[in-house]
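Numbers given in the working numbering equal positions in the sequence shown, counted from 1, plus 53.
Cβ coordinates follow ideal geometry from the N, Cα and C atoms, glycine included.
Here the structure is a predicted model, which is why all the values come from computation and not from measurement.
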Amino acid sequence: MDEQPGLSDEYRKASPWPLFVAFGLAIFEVGIVWPLFPVAVGGLLLFVGSVVGILRESGYIADPWKGLVTASILCLAVGGAIAYFTTGSIHLRGVAILVGGVIFLFSGIFGSVWQPTAA
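Structure below.
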C-alpha cells in the first residue's frame with residue numbers, strides 16, 4: 054500500500070512563490086500605512102516579481118521578461134489612474150505603483166535584451 058499515491062520524487066512538492074507573494078503584499082501595505090515610500094515600492098517589486106515567477110513556474114508564460122513588461126504596463130495604467138484621480142495616502146499608493154511600473158518596464162526590457170541564448 055502506497056501512502057502517497059501519484060507523487061513522484063522527480064516533482065517538487067511545494068513552491069516557494071506563495072510565501073513571497075504574501076510578504077510582498079504585506080510589505081507594500083506597511084509602506085503605505087506608514088508613509089515609507091521605498092518600502093512600498095520594494096513590497097510591490099517583491100509582490101509582482103513573485104506573481105510573474107508563479108506564472109512562469111506553472112507554464113502560463115514562457116518568458117519571465119515579457120511577463121515583467123506586461124506587468125509594468127498594467128502597473129503604469131493602474132498607478133497612473135490612482136495617482137491622477139486621488140489625493141492623500143491613496144495618491145501615495147498610486148505613485149508607488151507608477152514607480153514600480155517604471156522599474157518593471159526597465160528591468161523587463163533590459164532582461165529581454167541581455168538574456169543569454171542557449172548554445
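query = Below 8 Å between beta carbons: does that hold for G161 and S111?
reply = Here residue 161 refers to the residue found at position 108 when the sequence shown is read from its first residue. Here residue 111 refers to the residue found at position 58 when the sequence shown is read from its first residue. No, these two residues do not count as a Cβ contact at 8 Å.
key: S142 versus L108 - alpha carbon distance   = Locating residue 142 in the sequence shown gives position 89, where the first residue counts as 1. Locating residue 108 in the sequence shown gives position 55, where the first residue counts as 1. Approximately 30 Å, taken between the alpha carbons.
request  = Give the secondary structure of S125 by DSSP, where H, G and I count as helix, E and B as strand, and everything else as coil.
outcome  = Reading the sequence shown from its first residue, position 72 is the one you call residue 125. Of the three classes helix, strand and coil, the one that applies to S125 here is helix, per DSSP.
W70, enclosing alpha helix (DSSP H) - first and last residue = On the sequence shown, position 17 is the one that residue 70 refers to. Note, W70: alpha helix (DSSP H), 70-86.
Span of the alpha helix (DSSP H), counted from its first residue to its last, around L97 = By one-based count along the sequence shown, residue 97 stands at place 44. Start and end: 90-111.
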